[in-house]
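The structure appears below as structure tokens.
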Amino acid sequence: KLVHSSLAVLLSVGAVGAFVAPRSDISQLPVFRATAVDAIGFLESRQAATVDAVASAIPDIATKPGDTWAPGSFTIAGCPTSLDARDAPGPANIAWISSLNVESKQSSLTIFNGPLTDVPHLLSRCVVVNENTLSFDLDFRPRAYGAYETRQPDGTYPGPEVLGRQAFEFSGARREFDTKFGNEEVVSFMEATTGSFEGGGPSTIPTTEFDQLTRGPLAISIMMPLTETNLNAIASAREKAANYWLGWALDDFHGHRPGAPVNTQYVYDSKYKLNAYSALLAFYQGIYGPEDGAKLAAADSGPLDEAYVGGGS
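Laid out in structure tokens, this is it:
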């Protein structure tokens with residue numbers, strides 16, 4: 004809590020108020036008619052402020068020019084697309100930041116951490132479906148395998164009678180995540196977010212095995228009407244989630260000891276990034292078609308061989 008308190012002070016005194024008092028909501032923006040173009044434009048501006056705030060708090064974050072798509076330089080499904088790509092290969096050890104916007108279609112923020120910490124990866128994505136429906140995904144993705152895809156409808160997991168001694172390894176990973184990150188406060192935030200949307204319900208977008216392997220235990224995946232209330236709720240939830248991530252990233256408590264823990268984390272992260280790419284490829288091809296979906300998945304996932312310190316930049 005001290006970290007979050009200090010963080011709020013830091014951001015409130017700078018020109019980056021992404022994580023303090025909510026800024027103007029979408030109903031106060033000029034000429035807004037709840038169209039897909041204006042909705043994504045609104046989320047894009049809020050997301051840009053969030054990324055700038057993160058970069059202000061972590062000075063060694065730098066732009067990756069070779070992976071950045073400048074506004075107007077690329078199109079996906081005929082829509083202008085931009086991607087603000089960054090990393091921090093130094094002490095902050097952030098392997099990849101992708102702030103992606105597809106006009107009238109999507110606003111998403113993805114953060115992959117390097118192996119020097121166990122801070123969860125962040126996925127924060129809103130996609131417009133059929134012009135008047137929003138699909139929203141928010142997730143803190145664990146850095147150790149907890150067999151989350153085996154969770155039963157009652158919330159329990161298979162024990163040693165099914166998985167043998169590995170059941171204890173998986174339960175230990177889940178317990179560590181719950182203690183450090185998925186605590187009562189964060190669970191309450193995610194539950195409140197889920198209940199804050201008008202007409203919200205589970206997403207009907209098909210998922211794959213790779214989604215199940217990369218998804219965290221608190222993941223939100225919801226579809227809802229495109230309304231001002233829902234857009235404001237999404238924007239606020241995305242900012243608060245980024246605030247949680249930033250607080251963890253700034254806390255030295257989450258750093259690994261040198262040696263074996265770092266190597267183990269690197270091995271897991273390398274496999275995770277490949278699985279995450281495979282999940283994203285199927286998701287984007289379902290929305291944007293085979294060719295554009297593949298192009299966007301490759302760009303949004305970042306270099307798959309740079310999991311260790313965020314690349315050679």
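Count along the sequence shown starting at 1, add 3, and that's the number in the numbering used here.
Backbone N, C-alpha and C define an ideal beta-carbon position, used for all residues, glycine too.
Roughly how many angstroms lie between the CA atoms of residue i and residue j, to the nearest whole one?
| i | j | result |
| --- | --- | --- |
| glutamine 50 | leucine 284 | 23 Å |
| threonine 113 | glycine 162 | 33 Å |
| valine 130 | leucine 46 | 11 Å |
| tyrosine 151 | phenylalanine 184 | 15 Å |
| alanine 24 | serine 239 | Any reading at alanine 24 needs caution, since the residue's pLDDT is 35, under 50, leaving its predicted position unreliable; the model's value is listed next. Taking the straight line from one Cα to the other gives about 10 Å. |
| alanine 244 | proline 123 | 11 Å |
| tyrosine 275 | alanine 300 | 15 Å |
| proline 92 | glutamate 164 | 43 Å |
| asparagine 186 | alanine 302 | 33 Å |
| proline 220 | alanine 42 | 28 Å |
| phenylalanine 173 | valine 265 | 19 Å |
| glycine 296 | glycine 289 | 7 Å |
| lysine 67 | threonine 210 | 30 Å |
| glutamine 109 | tyrosine 160 | 34 Å |
| threonine 217 | serine 273 | 12 Å |
| asparagine 2 | phenylalanine 213 | The shown model of the chain, from 4 to 316, leaves out residue 2, and the question about it has no answer. |
Is it the case that the Cβ atoms of residue i and residue j are separated by a distance below 8 Å?
| i | j | result |
| --- | --- | --- |
| isoleucine 149 | alanine 170 | The residue asked about is misnamed: residue 149 is glycine in this sequence, not isoleucine. Not a contact, by the Cβ cut-off of 8 Å. |
| isoleucine 64 | alanine 37 | no |
| leucine 103 | leucine 229 | no |
| methionine 227 | threonine 207 | no |
| arginine 144 | leucine 119 | no |
| valine 40 | serine 85 | no |
| tyrosine 291 | alanine 80 | yes |
| tyrosine 269 | alanine 147 | no |
| valine 132 | aspartate 87 | no |
| glutamate 194 | asparagine 233 | no |
| glycine 258 | phenylalanine 115 | no |
| serine 224 | aspartate 121 | no |
| glycine 117 | alanine 98 | yes |
Give the DSSP-derived three-state secondary structure of residue i in the structure shown.
| i | result |
| --- | --- |
| asparagine 186 | coil |
| asparagine 135 | coil |
| arginine 89 | strand |
| alanine 24 | Residue placement at alanine 24 is flagged as unreliable, the pLDDT there being 35, under the threshold of 50; the coordinate-derived value follows with that caveat. Coil. |
| arginine 144 | strand |
| leucine 32 | Low confidence applies here, because leucine 32 scores a pLDDT of 42, under 50, leaving its location unreliable; read the following figure in that light. Leucine 32: coil per DSSP, three-state reduction. |
| glycine 204 | strand |
| asparagine 104 | strand |
| glycine 258 | strand |
| proline 228 | strand |
| asparagine 278 | helix |
| leucine 307 | coil |
| leucine 119 | coil |
| alanine 37 | coil |
| alanine 98 | strand |
Quick check on residue i: buried or exposed, where buried means 16 or more other Cβ atoms within 10 Å of its Cβ?
| i | result |
| --- | --- |
| leucine 249 | buried |
| glycine 75 | exposed |
| glutamate 294 | exposed |
| glutamate 242 | buried |
| serine 191 | exposed |
| glycine 198 | exposed |
| threonine 78 | exposed |
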